[in-house]
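Residue numbers (our numbering), protein chains in the order written: chain G, 556 to 958; chain D, 29 to 544. The structure appears right after this line, and notes come after that.
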């Protein structure tokens, strides 16, 4: 190349300087006063406090919503220290041991974000006679019951840079809980938007948090609640389902729509929202859980229905062979067998249960398959929304559960 | 309990590379990862209908198939298959020249094209630019040679083949630019990549910068077609294919020793025994929390002290998924570097002073390089800036969201003012990654993904020269950004390979020497 660039006038000195670099480095190191190495860092401590691996809490108080067949559990840290702060609308995942099964259940935090600073979260559990965990919790949780929970999770919350300043919330039954938290956050100045909640209940008696919302509405004009009763026609309430017409009746200018409720409500609203012709970005839905009738989903291989397959599970150095019903997600088979498997949203979205399908086939509803591109290609699945349609070999990540 | 030859901790760029290196050499390797997927920084996350790239802007050293760069060659050697897409330009930079005139410069890939474009912006600069790129090339080859020698470079070869590297090797970038009498405007334009290393041009070694810039300009940059998660996944698939074992959601808790030699790792999924462990864990965490204090060499305590907890850049990125085509909001280029000035030391200091003074950011639009990265008629773009350490360590949980929004809002306005790009009204998904996020997912001290600053006496070259002196614990060889090659995707992969080779050498000695 023929260049001969020098920084000092004599290039040889530059070369010498290069040769001496390691000496200079060594001298700098040797000149330092050796220190006790701690390995703690302020930002890491902040991150850990906001996102701990898990949190141990106790049930501090129980509120019975008899009319709605639900109870609210107020959870607190035993020592009263603060819980991670959160965005109103986020959920916590409870890690439960029911019989021999280690399961998780996701519940929106219904309390004000500022309660977290006082060390409290509230969740609301509604009875579900066909379910596995809800009624068990309602029966077994007492004041003083110890629980292990995740930190608040999920993306069902207001975003200043994305959402319209006007939000119309569509709530069905206990789907009201994230909106109660949002309403508190607005009241407290933690969030700044106008929230109009169309809250669907069966009848007046089963309305959840009526008094709480009345108080919030008295304290701030940014929150408005409209109760919509499906089974009862009464003065002062809307009647029927939440429809496009009803949304337009209460909308004032442009708005974002937030939805949280049972599966049937999402199905119904699909058609109603289509009438409003809103861009996708203005519609946010909370995770919807998983179907109980997988054989009715598009493209399901019907002959698998009702069968029981062999599931070989590898976790760390351990290996188990268990049964897996075609009618239930793979995650449920793991839980039934007493394996400590990771999960959080149980709707396929959060990816916490991501596991490696070594062999075999599963059915995943293609419309709800939100896995990463490479994961689809390489056979990584989200067991919470994957149904076995053959014998399977699965590698499952480790997860902590209290015994 | 099974015994492994090697346990690699952390399935990021460095760990994946190291694990492939040792497993392919026939050493039984276990790769453990604290999360449930590979990649570390090199990952992706899904929001709504979008899969989002969290960290990679452009991968250097891939190169075209017929002229493979160091990383493509490394992946070929490992047998890792991944589809890459070329990035159209080097960069567009909108800033201010040292003489106060406005700068809006777009530089292409390819040395000839780059020099030609520089001539257009700075007439008469060609001879000096040629000279610079000749030296860049010499240094690129020289650093590749020293990496390949893993600390055993032959000084005669160095003197004969890489004399300019030796002559310029001890100086910071600006000093060499000045000594070469590069026109000031060229210097201003050439400074743009400093943010990729997080150290300003008065304190960053010329050879480090030269070697990096050459890698970007010479044969262009690439990105994996389906985010960097695709590349990490391809690496881990290959690792499994050749017999490697992977444990996810598994955290290393403690290193176990037999006298002064490592013999195992206590993990959250049980204890594993091994002859060698390659952790991508910052040495301060290893020494502070994961091994017996009495085994920590005095010199290591001094090294930590001498580094003075000077962790590198605190990254902040805001991700935006738009419900329209990128052209609709005025995006023309792949990457825009915006800076208040072309004085990198001033920029560095302003960044450290806090968001009110920070005018530095990189705006990136993946669709410009790769239209298939998001559904038709949508766009994925991001803003990356560096953060002030104090600001992010002192903010409370309650104010944390507001700080993230403040940074993003300021940068969005800066971008709108300087480029005309206005994405408001089109944001369908949004997400932020702050130093807290990087601390959470990567365990990097203070969330500093670049390791220690590659600064002054602790630059890349001197770390390479002292490979044998640093981390002298038998059976424990840290990898990652705190290692010899510093930060960046390709640097981490090379470090993984390099340290993997050193580990293999140790293993050969111990296992074949029979003194294990």
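C-beta atoms are modelled at their ideal positions from N, C-alpha and C, and glycine is treated no differently. Note that the coordinates shown come from a computational prediction; the quantities given were computed from them, not determined experimentally.
Chain D within 9 angstroms of residue i, Cβ atoms only
i             : result
residue 630/G : no
residue 917/G : no
residue 672/G : yes
residue 843/G : no
residue 932/G : yes
residue 928/G : yes
residue 910/G : yes
residue 593/G : yes
residue 675/G : no
residue 849/G : no
residue 870/G : yes
residue 855/G : no
CB of residue i within 9 angstroms of CB of residue j, strictly
i             : j             : result
residue 32/D  : residue 302/D : yes
residue 318/D : residue 505/D : no
residue 617/G : residue 626/G : yes
residue 725/G : residue 691/G : no
residue 667/G : residue 754/G : no
residue 614/G : residue 693/G : no
residue 594/G : residue 314/D : yes
residue 79/D  : residue 402/D : yes
residue 228/D : residue 376/D : yes
residue 524/D : residue 45/D  : yes
residue 464/D : residue 801/G : no
residue 711/G : residue 644/G : yes
residue 39/D  : residue 274/D : yes
residue 530/D : residue 495/D : yes
Residue i - partner residues in DSSP beta bridges
i             : result
residue 762/G : For residue 762/G, which the question treats as bridged, DSSP gives no partner whatsoever.
residue 364/D : 120/D and 391/D
residue 275/D : 60/D
residue 200/D : 233/D
residue 878/G : 865/G
residue 301/D : 31/D and 292/D
residue 892/G : According to DSSP, which records beta bridges pairwise, residue 892/G is partnered with nothing at all.
residue 815/G : 726/G
residue 971/G : Outside the modelled stretch of chain G, which goes from 556 to 958, sits residue 971/G, for which no answer is possible.
Residue of the options minimising C-alpha distance to residue i
i             : options                       : result
residue 839/G : 35/D, 75/D and 60/D           : 75/D
residue 946/G : 913/G, 955/G, 660/G and 957/G : 913/G
residue 648/G : 608/G, 920/G, 655/G and 684/G : 608/G
residue 133/D : 367/D, 492/D, 280/D and 358/D : 367/D
residue 563/G : 197/D, 478/D and 136/D        : 197/D
residue 812/G : 832/G, 793/G and 795/G        : 832/G
residue 118/D : 125/D, 246/D and 461/D        : 246/D
residue 84/D  : 519/D, 379/D and 529/D        : 519/D
residue 646/G : 905/G, 939/G and 559/G        : 905/G
residue 344/D : 203/D, 180/D, 417/D and 447/D : 417/D
residue 932/G : 265/D, 67/D, 59/D and 237/D   : 265/D
residue 917/G : 727/G, 899/G and 886/G        : 886/G
Minimum Cβ-Cβ distance from residue i to chain G less than 9 angstroms
i             : result
residue 278/D : yes
residue 497/D : yes
residue 338/D : no
residue 507/D : no
residue 312/D : yes
residue 133/D : no
Cβ of residue i within 9 angstroms of any chain A Cβ
i             : result
residue 318/D : You won't find chain A in this structure, because its protein chains are G and D.
*asked:* Residues of the segment 573-591 of chain G in Cβ contact with chain D at a cutoff of 9 angstroms, in chain order, please.
replied: 573, 574, 575, 576, 577, 579, 580, 581, 582, 583, 584, 585, 586, 587, 588, 589, 590 and 591
*asked:* Any C-beta of chain G within less than 7 angstroms: which residues of the segment 95-115 of chain D qualify?
replied: none
*Taking Cβ-Cβ distances below 7 angstroms as the criterion, which residues of the segment 195-217 of chain D are in contact with chain G?*
195, 196, 197, 198, 199, 203, 204, 207 and 208
_So if I threshold CB-CB distances at 9 angstroms, which residues from the segment 470-481 of chain D count as touching chain G?_
471, 472, 473, 474, 475 and 476
*Of all the residues that make up the segment 601-614 of chain G, which are near chain D by a beta-carbon distance shorter than 8 angstroms?*
Under the 8 angstroms Cβ criterion, the segment 601-614 of chain G contributes 601, 602, 603, 604, 605 and 606.
*Note down, in chain order, all residues in the segment 828-839 of chain G with a beta-carbon under 8 angstroms from any beta-carbon belonging to chain D.*
834, 835 and 836
*the segment 251-269 of chain D: which residues have C-beta closer than 7 angstroms to a C-beta of chain G, in chain order?*
254, 257, 258, 261 and 265
_Within 7 angstroms of chain G by C-beta, residues of the segment 449-465 of chain D in sequence order_ = Answer set for the segment 449-465 of chain D: 455, 456, 458, 463 and 464.
*Short-range partners of chain G found in the segment 59-93 of chain D, where Cβ spacing is below 7 angstroms*: Flagged, chain order: 64, 65, 72, 74, 75 and 79.
*asked:* So if I threshold CB-CB distances at 7 angstroms, which residues from the segment 780-812 of chain G count as touching chain D?
replied: none
*asked:* Beta carbons nearer than 8 angstroms to chain D: which residues of the segment 715-748 of chain G have them?
replied: 715, 716, 717 and 745
*Going along the chain, which residues of the segment 377-405 of chain D sit with their C-beta nearer than 7 angstroms to a C-beta in chain G?*
So nothing in the stretch comes that close.
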